[in-house]
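Q: Everything in the sequence shown is counted per the numbering used here, starting at 120 for the first residue and increasing by one. The following block contains the structure, expressed as structure tokens.
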Amino acid sequence: MKHYVRESTLFISLLFILMTNSAFAECWIVSGLKGYGSNVVDNFNIHEDGITGQKIRININGSKSAVTGSENIIFEEVTPQLIVGIYSSGGYKGVVESWGIDIENRKVFYTQTRSGYNILDGAKMFIGNLEGKCK
């Protein structure tokens, strides 16, 4: 009986681990990102900014999470609707991005902080439209 209980517990634990890594994998299409930015070139004054005319794919899938246009950034799933990514050149250049999804309100929110890129150093915060799941 002890052997059976231990095997059952191991099986259930393994199943739970596999489910948490892949059960919530989702790919989303977003567009119309608008918001604000601030960077060196504008003396860190806050200005309107955005990404228009592009559809961006956000793949939320554990440590395999990815975003089109952010290929050098390593993303990690925080929740089934939130990923955070980091890029470091190994020197002084670095980028941190976060992508969050609000399915109920059909919105996406994006933040970026960049350092070591001279005139591009700064931060961005955008809100966009959640068009739907990837096909």
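The beta-carbon is built from N, C-alpha and C at its ideal position, and this holds for glycine as well.
Within 10 Å of its beta-carbon, does R233 have 16 or more other beta-carbons around it, so buried, or fewer, so exposed?
A: Counting from one through the sequence shown, the residue named residue 233 turns up at place 114. When all chains shown are included, R233 counts as buried.
Q: Quick one: what does DSSP say S182 is sitting in, helix, strand or coil?
A: Translated into the one-based positions of the sequence shown, residue 182 becomes position 63. In this structure, S182 counts as helix in the three-state DSSP scheme.
Q: For I170, tell me which candidate among F194, N180, V186, K153 has the shortest Cα-Cα distance.
A: Start at 1 with the first residue of the sequence shown, and residue 170 comes out as number 51. I170 has its Cα closest to that of K153, out of F194, N180, V186, K153.
Q: Quick check: V203 and Q231, are their CB atoms within less than 8 Å of each other?
A: Taking the first residue of the sequence shown as 1, we reach residue 203 at position 84. Taking the first residue of the sequence shown as 1, we reach residue 231 at position 112. Taking 8 Å as the Cβ cut-off, V203 and Q231 do not qualify as a contacting pair.
Q: Please state whether the Cβ-Cβ distance between V186 and N248 is less than 8 Å.
A: As a working mapping, residue 186 is identified with position 67 in the sequence shown. As a working mapping, residue 248 is identified with position 129 in the sequence shown. It is not a contact, given that the beta carbons lie outside the stated cut-off.
Q: Suppose contacts are defined by Cβ-Cβ distances below 8 Å. Is I177 in contact with W147 by that definition?
A: Taking the sequence shown and counting its residues from 1, one reaches residue 177 at position 58. Taking the sequence shown and counting its residues from 1, one reaches residue 147 at position 28. Closer than 8 Å, so yes.
Q: Under 8 Å by Cβ, that's how I've got G172 and A242 pegged, so tell me the actual separation to the nearest angstrom.
A: Counted from its first residue, the sequence shown places residue 172 at position 53. Counted from its first residue, the sequence shown places residue 242 at position 123. With 8 Å as the limit, G172 and A242 do not qualify as a contact, their Cβ atoms being about 22 Å apart.
Q: Is it true that the CB of E195 sits closer than 8 Å to the CB of S182?
A: Looking up residue 182 in the sequence shown gives position 63. Looking up residue 195 in the sequence shown gives position 76. Contact flag set, yes.
Q: When you compare only the Cα positions, how much space is there between F228 and D221?
A: Position 109 of the sequence shown, counted from the start, is the residue given in the question as residue 228. Position 102 of the sequence shown, counted from the start, is the residue given in the question as residue 221. Taking the straight line from one Cα to the other gives about 8 Å.
Q: State the DSSP-derived secondary structure class of I238, mapped to helix, strand or coil.
A: If you number the sequence shown from 1, residue 238 lands on position 119. Helix, per DSSP.
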